[in-house]
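**Q**
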Amino acid sequence: MPKKRCFFGERPFCKGLYLYGALALLLLLLSSCGGKETQGREETMIAGDSLIRYAEGLRITRSEGVTLVDISDPTKPESEVYRYALVPRGTDAGGEIPEGYTPIEVPVSRVIVMTTLQLSNFIKLDAVDRVVGMPSTHFLFNQKMLDRLAEGKARRIGIEGNFDSELIMALEPDLILVSPFKRGGYDALKELDIPLLTFLGYKETSPLGQAEWIKLTALLLGKEDQAEQTFDQIEQRYHQLQSLITPDLPRPKILSGELHGGNWYVVGGESYLAHLFRDAGGDYFLRDNKESGGFYLDFETVYSQAADADFWRITNNYKGDYSYDVLARTDARYRDFRAYKERKVLYCNLSERPFYEGSPVEPEVVLADLIHAFHPELLPDHTPVYYDLLTREK
Numbered sequence: 010m011p012k013k014r015c016f017f018g019e020r021p022f023c024k025g026l027y028l029y030g031a032l033a034l035l036l037l038l039l040s041s042c043g044g045k046e047t048q049g050r051e052e053t054m055i056a057g058d059s060l061i062r063y064a065e066g067l068r069i070t071r072s073e074g075v076t077l078v079d080i081s082d083p084t085k086p087e088s089e090v091y092r093y094a095l096v097p098r099g100t101d102a103g104g105e106i107p108e109g110y111t112p113i114e115v116p117v118s119r120v121i122v123m124t125t126l127q128l129s130n131f132i133k134l135d136a137v138d139r140v141v142g143m144p145s146t147h148f149l150f151n152q153k154m155l156d157r158l159a160e161g162k163a164r165r166i167g168i169e170g171n172f173d174s175e176l177i178m179a180l181e182p183d184l185i186l187v188s189p190f191k192r193g194g195y196d197a198l199k200e201l202d203i204p205l206l207t208f209l210g211y212k213e214t215s216p217l218g219q220a221e222w223i224k225l226t227a228l229l230l231g232k233e234d235q236a237e238q239t240f241d242q243i244e245q246r247y248h249q250l251q252s253l254i255t256p257d258l259p260r261p262k263i264l265s266g267e268l269h270g271g272n273w274y275v276v277g278g279e280s281y282l283a284h285l286f287r288d289a290g291g292d293y294f295l296r297d298n299k300e301s302g303g304f305y306l307d308f309e310t311v312y313s314q315a316a317d318a319d320f321w322r323i324t325n326n327y328k329g330d331y332s333y334d335v336l337a338r339t340d341a342r343y344r345d346f347r348a349y350k351e352r353k354v355l356y357c358n359l360s361e362r363p364f365y366e367g368s369p370v371e372p373e374v375v376l377a378d379l380i381h382a383f384h385p386e387l388l389p390d391h392t393p394v395y396y397d398l399l400t401r402e403k
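Here the working numbering is used: the sequence shown runs in plain steps of one and ends on residue 403.
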């Protein structure tokens with residue numbers, strides 16, 4: 010009987026080939042047993058790292074069967090972390106929820122919002138029909154939401170610190186979005202046995218970071234793809250506008266705010282507003298300040314630092330035609346500010362423009378307004394949406 014030969018005609022090589030083949034087969038079997046779990050972990054890490062790119066107070070990671078959400082105050086790195094596990098409605102994912110995470114079934118169909126910023130996310134995602142309650146209709150412009158309130162499909166639930174618990178229970182919400190750092194009343198909500206989710210988008214100091222919280226709202230609503238597409242468009246346009254601001258451009262100095270009760274409320278140099286001014290090619294008068302929150306200054310301090318500011322940003326809810334004459338009658342000393350003299354007051358009337366329900370999810374529009382004011386030659390055809398230069402004299 011002829012000897013069985015290897016392809017290369019050497020028995021030592023053949024023996025090695027058999028051994029190599031057996032080893033390869035063993036490795037293949039081992040990888041096939043553990044491959045699915047390893048691949049799942051890899052996909053989880055990729056999704057978790059890429060889903061949130063700008064928001065500092067929000068982390069979203071995916072695990073098999075659940076989405077884990079970590080929420081914290083972006084201005085205080087050592088603050089409490091609120092942890093939630095979003096579980097597909099009607100499934101049992103109890104074994105997949107890590108310790109310390111509060112389960113919330115999604116998608117939700119009945120939600121109570123506590124701020125207009127939260128509502129802005131629902132408006133942007135065309136999901137106002139999911140909102141069944143809110144504290145106040147002050148500064149509310151969205152017609153769909155106004156209609157829901159008028160028809161009784163949504164209700165006012167009282168003000169912070171004095172919520173109507175019986176009404177809230179009657180609305181049978183799946184979820185209540187809360188902002189626990191505001192005026193209060195949230196301890197009473199905890200006793201209602203309704204899921205609460207802490208929503209801290211308003212604490213973000215980056216315009217794109219604040220807008221990115223729409224991704225969390227989308228996860229609650231089952232509109233992830235829509236939110237990703239929407240945010241990508243916001244991000245792209247924002248960066249396009251930023252690219253217009255070149256190093257050779259002059260950078261105007263910007264003052265913001267007014268006197269109220271003898272004090273001038275300002276925000277720090279690391280605030281959301283300061284970031285917007287910087288991205289629009291301007292320098293906030295407190296740009297060297299390292300705070301992100303708000304605080305009060307006296308008139309003399311503001312005057313010494315910002316009387317020479319090129320522009321003056323003002324927002325209020327004046328009833329009637331706001332003008333330079335109205336501004337000067339508020340405090341005659343305003344006439345001494347350069348921005349007043351040169352008629353460069355950048356104004357938004359909150360009673361006429363949907364600032365609170367629109368600007369949080371339209372930072373690119375706000376940025377365009379500011380660039381149009383600070384550097385009009387860059388966007389000559391832009392029509393202001395939120396901010397416009399005040400032109401009325403009386």
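C-beta atoms are modelled at their ideal positions from N, C-alpha and C, and glycine is treated no differently.
Is DSSP giving L285 helix, strand or coil here?
**A** Helix.
**Q** Helix or strand or just coil, what does DSSP make of L39?
**A** Because L39 sits at a pLDDT of 38, beneath the cut-off of 50, its placement in the model cannot be relied upon, and the following sentence gives the value as read from the coordinates. Residue state, collapsed to three classes: helix.
**Q** Within 8 Å, do at least three Cβ pairs link the region 236 to 243 to the region 302 to 309?
**A** Contact between the region 302 to 309 and the region 236 to 243 is absent, because fewer than three Cβ pairs lie under 8 Å.
**Q** For E386 and chain D, any beta-carbon pair shorter than 8 Å?
**A** Absence of chain D from the displayed structure is noted, only one protein chain being present.
**Q** Under the assumption that V370 contacts L399 (Cβ atoms under 8 Å), give the Cβ distance between them as a whole number of angstroms.
**A** At roughly 26 Å, the Cβ-Cβ gap does not stay under 8 Å, so V370 and L399 are not in contact.
**Q** Could you name the residues of the same chain whose beta carbon sits closer than 8 Å to that of A348, not counting the 5 residues immediately before and after it, in chain order?
**A** Once the five neighbours on either side are set aside, the close Cβ partners of A348 are L264, A318, D319, F320, W321 and V354.
**Q** Whole angstroms are fine: how far does the CA of I121 sit from the CA of V137?
**A** Roughly 11 Å separates the two Cα atoms.
**Q** Please classify E386 as buried or exposed, where buried requires at least 16 other C-beta atoms within 10 Å of its C-beta.
**A** Per the 10 Å Cβ criterion, exposed.
**Q** Using DSSP with H/G/I as helix, E/B as strand and the rest coil, what is H269?
**A** Three-state DSSP puts H269 in a strand.
**Q** With three or more C-beta pairs closer than 8 Å as the rule, is the region 208 to 223 touching the region 136 to 156?
**A** Flag = no, the region 136 to 156 and the region 208 to 223 do not touch.
**Q** What's the C-alpha gap between R68 and K403?
**A** Roughly 50 Å between the two C-alpha positions.
**Q** Between which two residues does the alpha helix (DSSP H) carrying E114 extend?
**A** From DSSP, E114 is part of no alpha helix (DSSP H) but of the beta strand (DSSP E) over T111 to V115.
**Q** List the endpoints of the continuous beta strand (DSSP E) containing F150.
**A** That residue, F150, is in no beta strand (DSSP E); it is neither H nor E in DSSP.
**Q** Is it the case that the region 79 to 94 contacts the region 328 to 338, given that we only count it when at least three CB pairs across the two stretches are under 8 Å?
**A** These segments do not touch.
**Q** For F304, write down the residues that DSSP places opposite it in a beta bridge.
**A** DSSP lists V275 as partners of F304.
**Q** Rounding to the nearest angstrom, what Cα-Cα distance links G142 and K85 in this structure?
**A** Cα to Cα, the separation comes out at about 30 Å.
**Q** Label V90 either buried or exposed according to how many other C-beta atoms from any shown protein chain fall within 10 Å of its C-beta, with 16 as the threshold for buried.
**A** V90 should be labelled exposed.
**Q** In three-state terms, what does DSSP make of A94?
**A** Strand, per DSSP.
**Q** Within a Cβ cutoff of 7 Å, which residues of the same chain sit near G66, ignoring the five residues on either side of it in sequence?
**A** Only I80, S81, D82, P83, L209, K212 and E213 meet the Cβ criterion.
**Q** May I have the straight-line CA-CA distance separating L295 from G266, to the nearest angstrom?
**A** Their backbone Cα atoms lie some 12 Å apart in a straight line.
**Q** With DSSP run on the structure shown, which of helix, strand or coil describes L198?
**A** Here L198 sits in helix by DSSP.
**Q** With the cut-off set at 8 Å, would you say L1 and I168 are in Cβ contact?
**A** There is no way to answer for residue 1, as the model of the chain reaches only from 10 to 403.
**Q** With a threshold of 16 other CB atoms inside 10 Å of the CB of R362, please say whether the residue is buried or exposed.
**A** When all chains shown are included, R362 counts as buried.
**Q** Quick check on DSSP: helix, strand or coil for G329?
**A** In the structure shown, G329 sits in coil (DSSP, three-state: anything other than H, G, I, E or B).
**Q** What are the start and end residues of the beta strand (DSSP E) that includes I223?
**A** Note, I223: premise wrong, no beta strand (DSSP E); alpha helix (DSSP H) at I223 to L230.
**Q** Output the distance between the C-alpha atoms of E105 and R98, rounded to the nearest integer angstrom.
**A** Cα to Cα, E105 sits roughly 14 Å from R98.
**Q** Do you know offhand how far G290's Cα is from L228's?
**A** When rounded, the distance between both Cα atoms is 35 Å.
**Q** Sorted by chain position, which residues of the same chain lie with C-beta nearer than 6 Å to F286's C-beta, five sequence neighbours on each side aside?
**A** Closer than 6 Å at Cβ, skipping near neighbours: I263 and Y293.
**Q** What is the DSSP secondary structure of I61, counted as helix, strand or coil?
**A** I61 falls in the coil class under three-state DSSP.
**Q** Would you mind stating whether P389 and G231 have Cβ atoms separated by less than 8 Å?
**A** Result no, Cβ atoms of P389 and G231 do not sit closer than 8 Å.
**Q** Hey, how far is the Cα of Y312 from the Cα of L379?
**A** So the two alpha carbons sit approximately 23 Å from each other.
**Q** Using DSSP bridges, identify the partner residues of Y6.
**A** In this structure the chain extends from 10 to 403, so residue 6 is not present and cannot be described.
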